[in-house]
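The next block holds one structure in the form of structure tokens; read it before the comments.
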Amino acid sequence: KPVIFSGMQPSSDSLHLGNYIGALQQWTKMQKDYDAFFCVVNLHAITVPQDPAELAARTRRTAAQYIAAGIDPAKSTLFVQSQVPAHAELAWVLNTLTGFGEASRMTQFKDKSQRNGADAASVGLFTYPILMAADILLYQAASVPVGEDQRQHVELTRDLANRFNSRFGETFVVPEAQIQTGTAKIYDLQNPSAKMSKSAETEAGLIKVLDPANVTRKKIMRAVTDADGEIRFDREAKPGVSNLLTIFSVLGERPVDAIAEEYAGRGYGDLKKGVAEVVEASFAPVRTRTEELLADPAELDRLLAAAAERANEVASRTLAHVYERIGLIR
Ligand code: ATP
Ligand code: MG
Numbered sequence: 006k007p008v009i010f011s012g013m014q015p016s017s018d019s020l021h022l023g024n025y026i027g028a029l030q031q032w033t034k035m036q037k038d039y040d041a042f043f044c045v046v047n048l049h050a051i052t053v054p055q056d057p058a059e060l061a062a063r064t065r066r067t068a069a070q071y072i073a074a075g076i077d078p079a080k081s082t083l084f085v086q087s088q089v090p091a092h093a094e095l096a097w098v099l100n101t102l103t104g105f106g107e108a109s110r111m112t113q114f115k116d117k118s119q120r121n122g123a124d125a126a127s128v129g130l131f132t133y134p135i136l137m138a139a140d141i142l143l144y145q146a147a148s149v150p151v152g153e154d155q156r157q158h159v160e161l162t163r164d165l166a167n168r169f170n171s172r173f174g175e176t177f178v179v180p181e182a183q184i185q186t187g188t189a190k191i192y193d194l195q196n197p198s199a200k201m202s203k204s205a206e207t208e209a210g211l212i213k214v215l216d217p218a219n220v221t222r223k224k225i226m227r228a229v230t231d232a233d234g235e236i237r238f239d240r241e242a243k244p245g246v247s248n249l250l251t252i253f254s255v256l257g258e259r260p261v262d263a264i265a266e267e268y269a270g271r272g273y274g275d276l277k278k279g280v281a282e283v284v285e286a287s288f289a290p291v292r293t294r295t296e297e298l299l300a301d302p303a304e305l306d307r308l309l310a311a312a313a314e315r316a317n318e319v320a321s322r323t324l325a326h327v328y329e330r331i332g333l334i335r
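Each residue of the sequence shown is one higher than the last, beginning at 6 in UniProt numbering.
Right, dumping it as structure tokens:
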């Protein structure tokens, strides 16, 4: 089976609708046809300050949400990044092959470092994409299912794989990003020109998987729309309404046109109620299952440790090959 790799940061107490639609839903569909590695990337999370107790709790919560949303630990290797030391080791090697200017062109770093002032940003945040390249290349992944915001990082990963291969001999599979057209970017409900993010400045436009139904419903009812009152898809002119239609369409498994037709001539309030219903229908079972899993942290830790062992086998094989190629004696 071809290999896929993907991950999420344990940077919040809950995943959000963008993570769910842009990544998690895709992963659950892919796991039967691929040898899948799904990672809770806690080393990435510490590129911005984290509270230690919270980071540990969020790591388990993130893993639990993966399983609750349908990742089967018997089929896929679901593990925690810091439990496989090869990630940090390969990242160091790739750091030495990455140009400073090349890394400086990464737009996620520009966005995230601007938020708190460039001087407050850590070097770790700057080299984030290089650690991500290590994550992917260690497993010889052919495909990387991510949201649109990660396209540039996968492109860098490809460049680094090609560079290593041509300088030291064929070593890495050159991976491809797998980004779903149309649904790979879910926007903030209060600011439909920005992507929904765990690290958004305010939570008003952020729909969290683990929030109670009434909280989510209120946020959806307050979503920013526009003044013309017409329910139709137009990303440029009507970003708020188009985002709601996208969410409705993916979670309700119906084409956007069919929804627009059904709601023609009705108010935005009606559309929002419909969106709130499909969101709740998708999230309610995930919430329940997540709570069940978190009630037995020892069992969850055991599952994660077993997966880390499997990941470690694959990753250390690749790393040994890399060290040999570049002349790092063991
Ligand atoms: P942070 O703000 O801390 O970076 P995030 O919300 O961007 O958090 P990540 O853990 O960085 O979440 O990303 C996990 C996965 O979810 C990635 O594949 C990413 O592309 C995808 N993703 C994140 N936000 C969205 C979004 N708004 N729409 C679709 N996919 C998304
Ligand atoms: Mg992100």
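Idealized CB from N, CA, C, for every residue including glycine.
task: Could you please give the first and the last residue of the uninterrupted beta strand (DSSP E) stretch that includes Pro-150?
output: Stepping through the sequence shown from its first residue, residue 150 is reached at position 145. Segment 148–150, the beta strand (DSSP E) holding Pro-150.
- prompt: Using CA coordinates, which residue listed in His-21, Glu-107, Met-226 and Gln-145 is at the minimum distance from Gly-274?
  reply: Translated into positions along the sequence shown, residue 274 becomes position 269. Distances from the CA of Gly-274 to each of His-21, Glu-107, Met-226 and Gln-145 were compared; the closest alpha carbon is that of Met-226.
message: With three or more beta-carbon pairs closer than 8 Å as the criterion, would you say the region 150–158 touches the region 14–31?
response: Yes: at least three Cβ pairs fall under 8 Å.
task: Report back the beta-carbon spacing between Arg-63 and Ser-109 to the nearest angstrom; my notes put them in contact at under 8 Å.
output: Within the sequence shown, the letter at position 58 stands for residue 63. Within the sequence shown, the letter at position 104 stands for residue 109. 30 Å between Cβ atoms; not a contact.
query: Which term fits His-326, buried or exposed, when burial requires 16 or more other beta carbons within 10 angstroms of its beta carbon?
result: As a first step, residue 326 must be located in the sequence shown, where it is residue number 321. Counting Cβ neighbours within 10 Å, His-326 comes out exposed, since fewer than 16 surround it.
task: Please go through the same chain and pick out, in chain order, the residues whose beta-carbon is closer than 6 Å to the beta-carbon of Thr-218, but skip the five residues on each side of it.
output: Translated into the one-based positions of the sequence shown, residue 218 becomes position 213. According to the sequence provided, residue 218 is Ala. The question's Thr does not apply to it. For Ala-218, same chain residues with a beta-carbon under 6 Å away, outside a window of 5 residues either side, are Glu-285 in chain order.
query: The alpha helix (DSSP H) spanning Met-35 covers which residue range?
result: Numbered from its first residue, the sequence shown carries residue 35 at position 30. Unbroken alpha helix (DSSP H) run through Met-35: 30–35.
- request: May I have the straight-line CA-CA distance separating Ser-198 from Thr-251, to the nearest angstrom?
  value: Sequence index remark: in the sequence shown, residue 198 carries index 193 (1-based). Sequence index remark: in the sequence shown, residue 251 carries index 246 (1-based). Answer to the nearest angstrom: the Cα atoms are 14 Å apart.
message: Give the list of continuous alpha helix (DSSP H) stretches no shorter than 4 residues that lie fully inside the region 210–237.
response: Listed in chain order, they are 218–226.
- request: Check each candidate in Arg-271, Glu-282 and Ser-127 and name the one with the smallest Cα separation from Lys-224.
  value: What you label residue 224 is simply residue 219 of the sequence shown in a count that begins at 1. Its Cα nearest to that of Lys-224, the residue Glu-282 stands out among Arg-271, Glu-282 and Ser-127.
message: With the cut-off set at 9 Å, would you say Arg-163 and Leu-102 are in Cβ contact?
response: By one-based count along the sequence shown, residue 163 stands at place 158. By one-based count along the sequence shown, residue 102 stands at place 97. No, they are not a contact pair.
- prompt: What distance in whole Å lies between the Cβ atoms of Leu-299 and Arg-65, which are believed to be in contact at a cut-off of 8 Å?
  reply: Position 60 of the sequence shown holds residue 65. Position 294 of the sequence shown holds residue 299. The pair is a contact, with the Cβ atoms about 7 Å apart (cut-off 8 Å).
field: Minimum C-alpha distance to Val-178 - residue among Pro-150, Tyr-144 and Lys-190
entry: If you number the sequence shown from 1, residue 178 lands on position 173. Across the set Pro-150, Tyr-144 and Lys-190, the C-alpha of Tyr-144 shows the shortest separation from the C-alpha of Val-178.
message: Going by C-alpha to C-alpha distance, which of His-21, Thr-132, Ala-125 and Ser-87 sits closest to residue 345?
response: Past the edges of the chain, shown from 6 to 335, lies residue 345, and the structure says nothing about it.
- prompt: Is there contact between the region 262–280 and the region 30–49, where contact requires at least three CB pairs shorter than 8 Å?
  reply: Because the criterion of three Cβ pairs below 8 Å is not met, the region 262–280 and the region 30–49 do not touch.
query: According to the neighbour-count rule (16 or more other Cβ atoms, all chains shown, within 10 Å of its Cβ), is Ser-127 buried or exposed?
result: Taking the sequence shown and counting its residues from 1, the one referred to as residue 127 is at position 122. Under a 10 Å Cβ-count criterion, Ser-127 is classified as exposed, with fewer than 16 other Cβ atoms of the shown protein chains found around its own Cβ.
message: Taking the alpha carbon of Val-8 as the reference point, which residue from Gly-106, Ile-141 and Gln-119 has its own alpha carbon closest?
response: Position 3 of the sequence shown, counted from the first residue, corresponds to residue 8. Minimum Cα distance to Val-8 is reached at Ile-141.
field: Sequence ranges, beta strand (DSSP E) only - wholly within the region 83–171, length at least 3
entry: Counting only runs of 3 or more, we get 148–150.
Lys-190 CB to nearest heavy atom of ligand 2 below 8 Å: Reading the sequence shown from its first residue, position 185 is the one you call residue 190. Set against 8 Å, the gap from the CB of Lys-190 to the closest heavy atom of ligand 2 is not smaller.
query: Near Ala-269, which residues of its chain fall below 7 Å by C-beta distance, leaving aside the five closest residues on each side in sequence?
result: Mapped onto the sequence shown, residue 269 falls at position 264. Here the set comprises Ile-236.
- prompt: In whole angstroms, what separates the C-alpha of Leu-83 from that of Glu-94?
  reply: To locate residue 83, count along the sequence shown from 1; it is residue 78. To locate residue 94, count along the sequence shown from 1; it is residue 89. Computed Cα separation, rounded: 20 Å.
Opening and closing residue of the alpha helix (DSSP H) in which Ser-254 lies: As a working note, residue 254 is residue 249 in the sequence shown. Looking at the DSSP string, the run of the alpha helix (DSSP H) that includes Ser-254 is 244–257.
Close beta carbons around Ala-265, own chain, < 8 Å, minus the five adjacent residues each side: Taking the first residue of the sequence shown as position 1, residue 265 is located at position 260. Residues of the same chain with a CB within less than 8 Å of the CB of Ala-265, apart from the 5 flanking positions on each side, are Ile-236, Arg-237, Phe-238 and Leu-250 in chain order.
- prompt: Mind checking whether the beta-carbon of Gln-14 lies closer than 8 Å to any heavy atom of ligand 1?
  reply: For the purposes of this step, residue 14 is taken as residue 9 along the sequence shown, with counting starting at 1. Relative to ligand 1, the nearest heavy atom lies less than 8 Å away from the CB of Gln-14.
task: Evaluate Pro-57 with the Cβ neighbour count: other Cβ atoms within 10 Å of its Cβ, from every protein chain shown; 16 or more gives buried, anything less gives exposed.
output: Here residue 57 refers to the residue found at position 52 of the sequence shown. Exposed: under 16 other Cβ atoms inside 10 Å.
- request: Grab me the residues of Lys-37's own chain with a C-beta within less than 8 Å of its C-beta, minus the 5 sequence neighbours each way, in chain order.
  value: If you number the sequence shown from 1, residue 37 lands on position 32. Correct list, in chain order: Lys-80.
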